[in-house]
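2 protein chains.
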Amino acid sequence: MKRKLTLKLIAKELDVSISTVSKALRDSAEISEDTRQKIKAFAKLYNYKPNNIALSLKNRKTRTIGIIIPQIVHHFFTTVIRGVEQMAREHNYNVIITLSNNDFDKEVLNMELLANGSTDGFILSLSKETMQRDDFRHLTEAIDQGMPVVMFDRIVDEIPCDKVLIDDREGAKLGVNHLIKTGCKKIAIITTEDYITVGKLRTKGYMEALESVGITVDKDLILKLDAIDELNDKAKARIKHFLKGKDIDGVFTINEIFAVTAAKYIMEADKTIPEDVSIVSFSDGELSQHFVPSLTTVSQHGEEMGRKAAELLINKLERPEEEVEQYTTAYIDTSLIERESTKRVK
Amino acid sequence: MKRKLTLKLIAKELDVSISTVSKALRDSAEISEDTRQKIKAFAKLYNYKPNNIALSLKNRKTRTIGIIIPQIVHHFFTTVIRGVEQMAREHNYNVIITLSNNDFDKEVLNMELLANGSTDGFILSLSKETMQRDDFRHLTEAIDQGMPVVMFDRIVDEIPCDKVLIDDREGAKLGVNHLIKTGCKKIAIITTEDYITVGKLRTKGYMEALESVGITVDKDLILKLDAIDELNDKAKARIKHFLKGKDIDGVFTINEIFAVTAAKYIMEADKTIPEDVSIVSFSDGELSQHFVPSLTTVSQHGEEMGRKAAELLINKLERPEEEVEQYTTAYIDTSLIERESTKRVK
DNA sequence: TTGTACGCGTTATCAT
DNA sequence: ATGATAACGCGTACAA
Chain A
1 MKRKLTLKLI
11 AKELDVSIST
21 VSKALRDSAE
31 ISEDTRQKIK
41 AFAKLYNYKP
51 NNIALSLKNR
61 KTRTIGIIIP
71 QIVHHFFTTV
81 IRGVEQMARE
91 HNYNVIITLS
101 NNDFDKEVLN
111 MELLANGSTD
121 GFILSLSKET
131 MQRDDFRHLT
141 EAIDQGMPVV
151 MFDRIVDEIP
161 CDKVLIDDRE
171 GAKLGVNHLI
181 KTGCKKIAII
191 TTEDYITVGK
201 LRTKGYMEAL
211 ESVGITVDKD
221 LILKLDAIDE
231 LNDKAKARIK
241 HFLKGKDIDG
251 VFTINEIFAV
261 TAAKYIMEAD
271 KTIPEDVSIV
281 SFSDGELSQH
291 FVPSLTTVSQ
301 HGEEMGRKAA
311 ELLINKLERP
321 EEEVEQYTTA
331 YIDTSLIERE
341 STKRVK
Chain B
1 MKRKLTLKLI
11 AKELDVSIST
21 VSKALRDSAE
31 ISEDTRQKIK
41 AFAKLYNYKP
51 NNIALSLKNR
61 KTRTIGIIIP
71 QIVHHFFTTV
81 IRGVEQMARE
91 HNYNVIITLS
101 NNDFDKEVLN
111 MELLANGSTD
121 GFILSLSKET
131 MQRDDFRHLT
141 EAIDQGMPVV
151 MFDRIVDEIP
161 CDKVLIDDRE
171 GAKLGVNHLI
181 KTGCKKIAII
191 TTEDYITVGK
201 LRTKGYMEAL
211 ESVGITVDKD
221 LILKLDAIDE
231 LNDKAKARIK
241 HFLKGKDIDG
251 VFTINEIFAV
261 TAAKYIMEAD
271 KTIPEDVSIV
281 SFSDGELSQH
291 FVPSLTTVSQ
301 HGEEMGRKAA
311 ELLINKLERP
321 EEEVEQYTTA
331 YIDTSLIERE
341 STKRVK
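Heads up: the sequence lines are chains A and B, in that order. Heads up: the first sequence is residues 1 to 346, going by full-length UniProt numbering. Heads up: the second sequence is residues 1 to 346, going by full-length UniProt numbering.
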C-alpha cells in the first residue's frame, strides 16, 4: 500500500518547510505568489487532500454526525437519513450511519465507536432489545461525557437529551378515525407489547378514537405482538389465528408488515379489501405503496424528522460551551395517505 | 459541552505523568501494583475511553471499513451490510456506511470523506448516475492513493480492484429456465438500459435461456427501462403499455419493483398469477415475500457477498506492504426461491 | 517571505 | 518504578 501524500512529503520534495506548504495551500498572503503556485501545482498534480483524522484531532471537532438506527430496510429510516443528510450538508457536516440490527450489544458497540472521536454527536433510534432490557447506561455515559445526543422515534423519556417525535397517539387517531369515517364499526388493532413506546402510544390513540365516537373497546379485537420490524413464524401464526372467523370490518396496524400480513390472511379467507374489511397502517413505505390493493397509511414524514433532529444536534454543537443545558422535544405532524384499502365507504 | 477525559487530565488529577497513566491502563508490568490500581480505579470511575482519533493518527490505521451504497431501502443491500459487519467483527474492524442516493456528486463526496482518514478502505456499489456518466476518477484517485477498494454488484470492469459479483447471466438463466420448466412459452422481460451492467447481463441470460431451448427471442417482449431502484410515473406507464394486450404467459424482471408493478397491471387486466401469467424476479426482498401472490425470485445471497467483500478487503489491509498488487474477482452463487407466482405448471 | 515551535491524545522508546 | 520525548499530520502564533 502506497503512503498517502502529506504536507511533510510535499515540503521535503519541494525543499520548503511544512508550514510554508500549509500556508500556500490555504492561500495565505504570507507566501509569495511564486512558491504558492509551485506548491499548489504540485499538490494538485499528486492530488493532495488533508488528512481528516489529523484535522479532527487538532480541532477537536470532526464535523461529522453519527446516526444509529435499528434497521435500515425500513423506508421510514431511509427518509429520516435523507432529512439528516440534507440539513447536515447545508451546515457543512458529514454523516455516517451504523446499524444496531435491533441488537443491544451492537448498539452499545456502535455508540462507543461513534462517541470516541469519530463524530461530534449523534442521532439515534433505540433498538428493540434495548427498550426491552430497559438498560440505557451507554446513553447516559455518552451524554455525561458531553456528547450531544438526539433521539427520535423510539425514544425513552428519562434520558436528558433532545428528542424528535411524532405524536403517535394523534397519528393513530387519524388512522382509526378514517376507518370510522368510511363506515367501519368493528375495528381491530394489531400492535406490539407495551414496552415498545410507539406501540403503546398508538394503541392508546386507537382506544381514544373509538371511545370518542362511543364505541367501547373490545379487548378481543386487540392483538399485541412481541415483534417489530420483522415477523417470525410465531407472530404470523398469531395474526392468522387472531383474524380467523372474527367479525370485523376494519383493521388498524402499527406498521406495514403487520398490515400486509393481515391483508394476506384476510384475502385467504375469501374476504375482499376494502369491500369487506378496510385496512389502515401506520408507517408509509414501499410495501404499502406496492401492495395490491395499495394500503392507506399514516405517514410519519421521516424526512422532516431527520431535518429537525439534525437541526437540534447542530444547534447544540455550535452553541457556546457555557450556555445552560436545556432539552427540547419536537413533534412532527403525521398525515393520512389514502389508498385503495379504504376506498369503499361501508 | 463538557470536555472528554484524556490521559493528560487523569495524569494531572493523580499527579503522575501521562506515560505512567498510559502504561497503567494497558497493564504494563513497569508500573507498580499500587499506582496501577489507583489509576485504573480513577479511569473506571470517570469512564475513560481512549480517543479513537488520536489512536488512528498514531497508528495510521482506523480499523474501520467504509461502505458506500446507492440506496439502502433495498433488502439486498441490507443483507450485504450484514455480511460485511459479520466478517468485520470477526476481524475486529468497525463498519461505517454512507449513502449516495444514486447521486454522482454525493458518491464523490462520500468517497472523499471516507478516503481521507476515516477508514482504511472501502466497499462500494456504484450509483446509477455514476454508471451513466461513465466517470470514475474519484475511484482511480482513491486507488492511486493506496486505498484498497472492493466493488460489488454494480461494478465497472476497467477499475483495478477486487470485485465481488454474482453471475448475473447465470442467475437470469436460472430464473427464465424455471419459467420454461413450468410450461411458459411466451416469456417477456422487463429490464434496464444496457448502461446498467446488471441489467445488460441479465438480459443476456434471458436471451440465452430462451435460445437454448429453441425459442427465438422476440424484441417486442423486451422492455428496457431507464430506471432502477425506483419507478417514476413514466416508467410505470411504459410497463403498463408494454403489457397491454400482449399475449404472454411468463414475465421475468430484473428487480422486485418491476415485478410487483408488472404483477399489478397483469391483475388489473383480469389475468391471474400464476394461472395465466407466471412471474419470476431477480433480487429477493420484502416486496417479493409479502406480495400476494408471493413472488418466485432469484436470490443474490447478499450476506455472502458482504462477507466475501469484507474478506477481500481485510486481506488487502493486513498483507505486508511490499507484496505485488493483484486483484481477484469473486463470484457468488445465485439460487432460486420458489413461491406462489410460479406454482402452476401450464 | 519563510521557518520554528507548539498542541491536539496516544503510545513506544529511551532516560532517570 | 516513573518520567521525558518523539512521532502520527495539521494549522497557527510567533520568530527570524
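Even glycine gets a Cβ: it sits at the ideal position worked out from N, Cα and C.
{"Query": "Local Cβ density within 10 Å of residue 48/B, reported as buried at 16 or more and exposed below that", "Result": "buried"}
{"Query": "Assigned secondary structure, residue 174/A (DSSP; H/G/I helix, E/B strand, else coil)", "Result": "helix"}
{"Query": "Short CB-CB distance (under 8 angstroms) between residue 117/B and chain A", "Result": "yes"}
{"Query": "Whole-number beta carbon distance between residue 198/A and residue 238/A, since they are thought to touch under 8 angstroms", "Result": "Between residue 198/A and residue 238/A the Cβ distance is about 19 angstroms, and since that is not below 8 angstroms, they are no contact."}
{"Query": "The stretch 72-88 of chain B contacting the stretch 27-36 of chain A, beta-carbon criterion three pairs below 8 angstroms", "Result": "no"}
{"Query": "Cβ pair residue 166/A, residue 140/A closer than 8 angstroms", "Result": "no"}
{"Query": "Residues bridged to residue 98/B [DSSP beta-bridge criterion]", "Result": "68/B"}
{"Query": "Closer than 9 angstroms at the beta carbon, the chain A residues around residue 267/B", "Result": "292"}
{"Query": "Environment of residue 326/B [buried if 16+ CB atoms lie within 10 Å]", "Result": "exposed"}
{"Query": "In chain order, each alpha helix (DSSP H) run of at least 4 residues that lies wholly inside the stretch 3-58 of chain A", "Result": "7-14, 18-25 and 33-45"}
{"Query": "Beta-bridge pairing of residue 162/B - partner residues as DSSP gives them", "Result": "150/B"}
{"Query": "Residues sharing a beta bridge with residue 224/B, DSSP", "Result": "191/B"}
{"Query": "Contact set between residue 38/A and chain B, taken where Cβ atoms lie within less than 9 angstroms", "Result": "Correct list: empty, because the minimum Cβ distance to chain B is about 22 angstroms."}
{"Query": "Sheet register partners of residue 84/B (DSSP bridge)", "Result": "Partner(s): none; residue 84/B has no beta bridge."}
{"Query": "Proximity below 8 angstroms, CB of residue 129/A to CB of residue 102/A", "Result": "yes"}
{"Query": "Listed by chain order, chain B residues near residue 169/A by CB distance under 8 angstroms", "Result": "By Cβ distance, chain B contributes nothing, its closest Cβ being about 27 angstroms from residue 169/A, past 8 angstroms."}
{"Query": "Alpha helix (DSSP H) segment containing residue 265/B, residue limits", "Result": "256-268"}
{"Query": "Residue 306/A, DSSP secondary structure in three states", "Result": "helix"}
{"Query": "Proximal residues to residue 316/B (C-beta, below 6 angstroms), its chain only, five neighbours per side dropped", "Result": "148"}
{"Query": "For residue 337/B and residue 301/A, the rounded distance between their alpha carbons", "Result": "34 angstroms"}
{"Query": "Alpha-carbon spacing of residue 56/A relative to residue 291/A, whole angstroms", "Result": "47 angstroms"}
{"Query": "Where the beta strand (DSSP E) through residue 341/B begins and ends", "Result": "It is not in any beta strand (DSSP E) - residue 341/B carries neither H nor E in the DSSP assignment."}
{"Query": "Identified DSSP bridge partners for residue 251/A", "Result": "188/A and 279/A"}
{"Query": "Close beta carbons around residue 213/B, own chain, < 7 angstroms, minus the five adjacent residues each side", "Result": "180"}
{"Query": "One or two residues paired with residue 331/B in a DSSP bridge", "Result": "165/B"}
{"Query": "Proximal residues to residue 342/B (C-beta, below 8 angstroms), its chain only, five neighbours per side dropped", "Result": "178, 179, 182, 274, 278, 279, 280 and 296"}
{"Query": "Reference residue 124/A, options 216/A, 62/A, 309/A and 333/A, closest by Cα", "Result": "309/A"}
{"Query": "Short Cβ contact (8 angstroms threshold) for residue 306/A with residue 68/A", "Result": "no"}
{"Query": "Test: residue 390/A CB closer than 8 angstroms to a CB of chain B", "Result": "As displayed, chain A neither begins before 1 nor continues past 346, which places residue 390/A out of reach and without an answer."}
{"Query": "Neighbour flag for residue 98/A against chain B, beta carbons, 8 angstroms", "Result": "yes"}
{"Query": "Contact set between residue 264/B and chain A, taken where Cβ atoms lie within less than 8 angstroms", "Result": "290 and 292"}
{"Query": "Test item: CB-CB of residue 150/B and residue 312/B under 8 angstroms", "Result": "yes"}
{"Query": "Distance between beta carbons of residue 40/B and residue 24/B, contact taken as under 8 angstroms", "Result": "6 angstroms"}
{"Query": "Cross-chain neighbours of residue 50/A in chain B, by beta carbon under 8 angstroms", "Result": "116"}
{"Query": "Any chain B beta carbon closer than 8 angstroms to residue 354/A", "Result": "Shown here, chain A extends from 1 to 346; a query on residue 354/A therefore has no answer."}
{"Query": "Under 7 angstroms from the C-beta of residue 199/B: neighbouring residues of chain A", "Result": "Result: empty, since nearest Cβ-Cβ is about 20 angstroms, beyond 7 angstroms."}
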